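In our numbering, the protein residues as written are 880 to 978. The beta carbon of each residue, even a glycine, is placed where N, CA and C say it ideally should be. Keep in mind it's a predicted model, so treat the numbers as computed, not measured.
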Amino acid sequence: MEIEIAVAEFDLLYTRRSFISQINSDNEVVVEPRVSGFLVARHYKKGMPVRKGQLIFEIDDSEYYTALLSAQAALESSRALALEAKNNFDRAVPLAKIN
C-alpha cells in the first residue's frame with residue numbers, strides 16, 4: 880500500500896460572499912419644496928448623503944421668470960403714474976395759489 884505525502888503550505892485564503900440586504904438610516908427627513916413647478920434636474924442619487932443647503936432638485940423657473948418680468952413692468956408703470964401725478968400736483972399748486 881502506497882501513501883501519498885504532501886507538504887503543507889502557509890498561504891492566505893480569500894473568500895468572497897455576496898449578500899442581499901437593505902440599509903436604513905436612523906436620520907430621515909422629508910424634503911418639501913418651497914415653490915411648486917416641474918422638475919428639470921435631480922442633483923443626487925438615491926441613498927446618497929446630502930448636506931443642509933445643498934442643491935438637490937432644480938425646478939423649471941420659466942413661469943417664475945415670466946412673473947418676475949410682469950411684476951417689474953407693473954412696478955415701472957406704477958412709478959411712471961406716480962411721477963405723472965406728482966408733476967400734475969406740482970403744476971396745480973401754483974395755479975391754486977393764484978386763484
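Asked	Found
Nearest-angstrom beta carbon gap, ILE935 and LEU918 [assumed within contact, 8 Å]	Not quite, the Cβ-Cβ distance comes to about 10 Å (not below 8 Å), so this is no contact.
Under the three-state DSSP convention, the category ILE938 falls into	strand
Secondary structure of ARG895, DSSP reduced to three states	coil
Where the beta strand (DSSP E) through ALA920 begins and ends	918-921
Length of the line joining the Cα atoms of PRO973 and LEU960	21 Å
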